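Enquirer: Handing you this structure, nothing more for now.
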Amino acid sequence: MKRCKKLKSELPSMKRCTKLKMAMKRRKKLKSELPAMKRCTKLESELPDSVISYIFSKLALKDLVKTSALSKRWVHEWGLRTDLNFDLHTMFDSNTIQVPNTFPLYQRLHFQSEFATRLDQFMLHYKGAIIHSIRVKFPLVNPLHGDAISNAINRLISKGIAKGVKRIELLLSSYSVTSYILPLTLLSGNHSLTYLHLQDCLVAEPLDYCTGFNNLTTLVLDLISVTPKLVQSMCSIWTHLVDLTLDACRYPSDLIINHSTLLRLNIVNCKVYIRSCLTIIASNLSSFEYSCNDDYQVHPINIQAHMLSKFSFRGIEFFKPVGFSGLKNVTTIVLDGEIENLSMDILPYLFSECLQLEDVTFKNFRHMSSIEIITGPKLRHLKIIDCGWADYSPSEIAIDAFNLSSFEYSAHIPRIISITAPKLLKVFWNASPGRKTPHLLDPIARLSHIENLSMIILTSQIEELTKVLVRFQNLRQLELLIEGGYDPSRDYFWILDIAMASQHLQKLSLTVSYSNSIFLAVHFFLT
């Protein structure tokens, strides 16, 4: 009992000692942090507002709050950023990029609930007068539990519209059938929005009562079911649309895109669930890209765009479902991945139907027989890349193009190749696929007037190349990628042989690769 009474009498002094120790620790900590605080004060006084705002725009939201401990001015500065980005990485303390599918449902629901809570909390304390852009990227787990996040996103959009937002990206993904439904009435009457990107969303109908969108020029729809009613309403209310991208979208029925202000159209990464026809009516369309990932078919496409100058197509078949009737004025064309015979199904019609062609690229054609390309006077650039298989390679290629200035060939080397192009200046030639074919460099040797030559060759072809280069009297630049070039027993005096082979060479670039890695890369400027 005496010891207890003594301990009780000493308790106040022990508390005072504890407080004193804690105060000493805080003083030491403050003293250690003082230089950093001084540096922050100096940084704050020296940097202009625009630079500080730019720095804050690059920080994650979870890091922005920490800046309030460094400066009285910065306590509220983080809430004034104009570009708002909300995703798992910026909203949580971990380096989470996406919620793994292996997580149990309750854990994914926790992420969704916490994401909505933090989004609401941030916007509740947001004091900025202007918002330039909003980006939300989040995987929706279950729509039955998604009211909170849907409401949070809607409130975010409403505040963004009120503060003059110009760019909105809703990059959502859903584990279930039902996705987030965007009420376009939230955007109605807005005159500042210029860019809208929607991924895996549903657009609430009807759209007839939506107004505004006077400045919306770019629309990207990703993983969305595009119905005729949606397109019709879209074309009627977004009257100033210039750029339209439909990425991996579904087309449940025939579609007509009729828009007079449209300049660029991209229908990419689609699959043919239903063989619906796509009709494009756009009097000012200048660029159109279509790519289909289906292994068996593509969408039939009817193009009515007389101003179209650039056309790119990737799909299993081109001639029957698309054809050349809508490409009369095209100057640049890329055809990629067709199983049709390039020599029989494409070339006989391409240059006779498309008389304005200046730039032509053929990629990944599986079938090629003998090819004869006879063109009009406007062709300037020609590329033949990865066309033909070992058993379906062309036996002969003949190119006759008076004004051709650049030519790229990276495919199986035919036995006979003839190039008549007196104005040809730049050539890229990949000789590595034809390692068993003799005289691979003969076609290049006949083009002694070119000025720029880029080649992929093997070490076994270096000696032959040195002999060929002597013929090039106008060669100014030579770029060589030598595959399998490392040989410990071999010296590199052959570099000098190549440099001396052409008298007028000004620049020589050599890259030697070995086992898919760069062993040597050098550049020489010769005088």
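Take 1 as the starting number for the sequence shown in UniProt numbering and just add one per residue. Beta carbons: idealized from backbone N, C-alpha and C, even for Gly. Remember, predicted model here, so these are calculated numbers, not experimental data.
#1: In the DSSP assignment, find the unbroken alpha helix (DSSP H) run with Ala421 in it and report its ends.
#2: Tell me, which residues are paired with Trp429 by DSSP?
#3: Below 8 Å CB to CB, which residues in the same chain sit around Lys328 once its five sequence neighbours on both sides are set aside?
#4: Just the Cα atoms here: how many angstroms apart are Ser395 and Ile416?
#5: Going by DSSP in three states, Ile384 sits in which element: helix, strand or coil?
#6: Tell me the rounded alpha-carbon separation between Ser225 and Leu508.
#7: Hey, could you find the ends of the beta strand (DSSP E) Tyr514 is sitting in?
#8: In or out: Leu198 buried (at least 16 other Cβ within 10 Å) or exposed?
#9: Rounded to the nearest angstrom, how far is the Cβ of Glu338 from that of Phe318, given a contact under 8 Å?
#10: Buried or exposed: which applies to Glu114, given that a residue is buried once 16 or more other Cβ atoms fall within 10 Å of its Cβ?
#11: If you follow the beta strand (DSSP E) that Phe324 is in, where does it begin and where does it stop?
#12: Starting from Val231, trace the alpha helix (DSSP H) in both directions and tell me its first and last residue.
#13: Can you look up Ala521 in the DSSP assignment and give me helix, strand or coil?
#14: Can the beta-carbon of Leu425 be found less than 9 Å from the beta-carbon of Ile450?
#15: Between the C-alpha atoms of Val369 and Ile316, what's the straight-line distance to the nearest angstrom?
#16: Which value, in whole angstroms, describes the spacing of the CA atoms of Pro252 and Gln304?
#17: Can you name the start and end residues of the alpha helix (DSSP H) that Leu347 belongs to?
#18: Which residue wins for smallest C-alpha separation from Thr511, given the options Gly484, Lys159 and Trp238?
#19: Any idea if Gly189 is buried or exposed, counting beta-carbon neighbours within 10 angstroms, 16 or more meaning buried?
#20: Is Asn430 near Ala401, with beta carbons less than 9 Å apart?
#21: Pick out whichever of Asn215, Asn214 and Ile257 has its Cα sitting closest to the Cα of Cys235.
#22: Give me, in chain order, the residues of the same chain whose beta-carbon lies closer than 6 Å to that of Ser454; leave out the 5 immediate sequence neighbours on both sides.
#23: Can the beta-carbon of Thr331 be found less than 9 Å from the beta-carbon of Lys378?
#24: For residue 585 and Lys229, I'd like the C-alpha separation in whole angstroms.
#25: What does Arg250 pair with, by DSSP beta-bridge criteria?
#26: Who are the Cβ neighbours of Leu7 in its own chain at under 6 Å, not counting the five residues just before and after it?
#27: Give the DSSP-derived three-state secondary structure of Leu526 in the structure shown.
#28: With a threshold of 8 Å (Cβ to nearest heavy atom), would Cys387 be considered close to the ligand NAP?
#29: Identify, in the order they occur along the chain, each residue of the same chain with its Cβ nearer than 8 Å to the Cβ of Leu172, setting aside the five sequence neighbours on each side.
#30: Taking Val136 as part of the beta strand (DSSP E), name the residues at either end of that continuous run.
#31: Please report the residue range of the alpha helix (DSSP H) in which Asp442 lies.
#32: Should Ala129 be labelled buried (16 or more other beta-carbon atoms within 10 Å of its own) or exposed?
#33: Kindly indicate which residue of Lys271, Val468, Ala521 and Tyr290 has the alpha-carbon position closest to the one of Gln503.
#34: By alpha-carbon positions, which one of Pro48, Gly164, Pro183 and Asn452 ends up nearest to Asn154?
#35: By the DSSP assignment, the beta strand (DSSP E) with Asn151 in it spans what residues?
#36: Sort out for me which residues DSSP pairs Phe86 with in a bridge.
Expert: According to the structure data:
#1: Numbered from 1 along the sequence shown, position 421 holds the residue referred to as residue 421. Counting along the chain, Ala421 falls outside any alpha helix (DSSP H), and DSSP gives it neither H nor E.
#2: Taking the first residue of the sequence shown as 1, we reach residue 429 at position 429. BP columns for Trp429 point to Tyr409 and Met455.
#3: As a working note, residue 328 is residue 328 in the sequence shown. His306, Glu353, Cys354, Leu355 and Gln356, listed in sequence order.
#4: Taking the first residue of the sequence shown as 1, we reach residue 395 at position 395. Taking the first residue of the sequence shown as 1, we reach residue 416 at position 416. Answer to the nearest angstrom: the Cα atoms are 7 Å apart.
#5: Within the sequence shown, the letter at position 384 stands for residue 384. Ile384: strand per DSSP, three-state reduction.
#6: Numbered from its first residue, the sequence shown carries residue 225 at position 225. Numbered from its first residue, the sequence shown carries residue 508 at position 508. When rounded, the distance between both Cα atoms is 52 Å.
#7: To locate residue 514, count along the sequence shown from 1; it is residue 514. That run of the beta strand (DSSP E) goes Lys507 to Tyr514.
#8: For the purposes of this step, residue 198 is taken as the residue at position 198 of the sequence shown. Leu198 is buried by the Cβ-count criterion.
#9: Against the sequence shown, residue 338 aligns to sequence position 338. Against the sequence shown, residue 318 aligns to sequence position 318. Going by Cβ atoms, the distance from Glu338 to Phe318 rounds to 5 Å, so yes, they are a contact pair.
#10: For the purposes of this step, residue 114 is taken as the residue at position 114 of the sequence shown. Flag for Glu114 reads exposed.
#11: Along the sequence shown, read from residue 1 onward, the residue named residue 324 stands at position 324. Per DSSP, Phe324 belongs to no beta strand (DSSP E) and is neither H nor E.
#12: Translated into the one-based positions of the sequence shown, residue 231 becomes position 231. Taken as a continuous stretch (DSSP letters only), the alpha helix (DSSP H) holding Val231 covers Pro228 to Ile237.
#13: The count along the sequence shown starts at 1 and reaches residue 521 at position 521. Note: Ala521 maps to strand in three-state DSSP.
#14: As a first step, residue 425 must be located in the sequence shown, where it is residue number 425. As a first step, residue 450 must be located in the sequence shown, where it is residue number 450. Contact: yes.
#15: By 1-based counting over the sequence shown, the position of residue 369 is 369. By 1-based counting over the sequence shown, the position of residue 316 is 316. For clarity, residue 369 is Ser in the given sequence; the question names Val instead. So the two alpha carbons sit approximately 18 Å from each other.
#16: Against the sequence shown, residue 252 aligns to sequence position 252. Against the sequence shown, residue 304 aligns to sequence position 304. For Pro252 and Gln304, the distance between alpha carbons rounds to 22 Å.
#17: Stepping through the sequence shown from its first residue, residue 347 is reached at position 347. From DSSP, the alpha helix (DSSP H) with Leu347 extends over Leu347 to Glu353.
#18: Taking the sequence shown and counting its residues from 1, the one referred to as residue 511 is at position 511. Minimum Cα distance to Thr511 is reached at Gly484.
#19: For this step, residue 189 is matched to residue 189 along the sequence shown. Exposed: under 16 other Cβ atoms inside 10 Å.
#20: To locate residue 430, count along the sequence shown from 1; it is residue 430. To locate residue 401, count along the sequence shown from 1; it is residue 401. Not in contact: Asn430 and Ala401 (Cβ atoms no closer than 9 Å).
#21: Counted from its first residue, the sequence shown places residue 235 at position 235. The option with the nearest alpha carbon to Cys235 is Ile257.
#22: Taking the sequence shown and counting its residues from 1, one reaches residue 454 at position 454. So the list reads Phe428 and Glu479, once near-sequence residues are dropped.
#23: Against the sequence shown, residue 331 aligns to sequence position 331. Against the sequence shown, residue 378 aligns to sequence position 378. Cβ distance < 9 Å, so Thr331 and Lys378 count as in contact.
#24: Nothing in the structure corresponds to residue 585, since the chain is present only between 1 and 527.
#25: For this step, residue 250 is matched to residue 250 along the sequence shown. DSSP lists Ser225 as partners of Arg250.
#26: The residue labelled residue 7 in the question sits at position 7 within the sequence shown. Residue placement at Leu7 is flagged as unreliable, the pLDDT there being 45, under the threshold of 50; a coordinate-derived value is accordingly withheld.
#27: In the sequence shown, residue 526 corresponds to position 526, counting from 1. Note: Leu526 maps to coil in three-state DSSP.
#28: Absent from the structure shown: the ligand NAP. Ligands present: none.
#29: Start at 1 with the first residue of the sequence shown, and residue 172 comes out as number 172. Val136, Lys137, Phe138, Pro139, Leu140, Ser179, Tyr180, Gln199, Asp200 and Cys201.
#30: As a working note, residue 136 is residue 136 in the sequence shown. Taken as a continuous stretch (DSSP letters only), the beta strand (DSSP E) holding Val136 covers Ser133 to Leu140.
#31: Your numbering for residue 442 matches position 442 in the sequence shown. Segment Asp442 to Ala445, the alpha helix (DSSP H) holding Asp442.
#32: Walking along the sequence shown from the start, residue 129 turns up at place 129. It counts as exposed.
#33: The sequence position of residue 503 within the sequence shown is 503, counting from 1. When only C-alpha atoms are compared, the closest one is Val468.
#34: Indexing the sequence shown from 1 puts residue 154 at position 154. When only C-alpha atoms are compared, the closest one is Pro183.
#35: Within the sequence shown, residue 151 is the residue found at index 151, counting from 1. Unbroken run through Asn151 is the alpha helix (DSSP H), Asp147 to Ala162; no beta strand (DSSP E).
#36: Within the sequence shown, the letter at position 86 stands for residue 86. Its beta-bridge partners are Val136.
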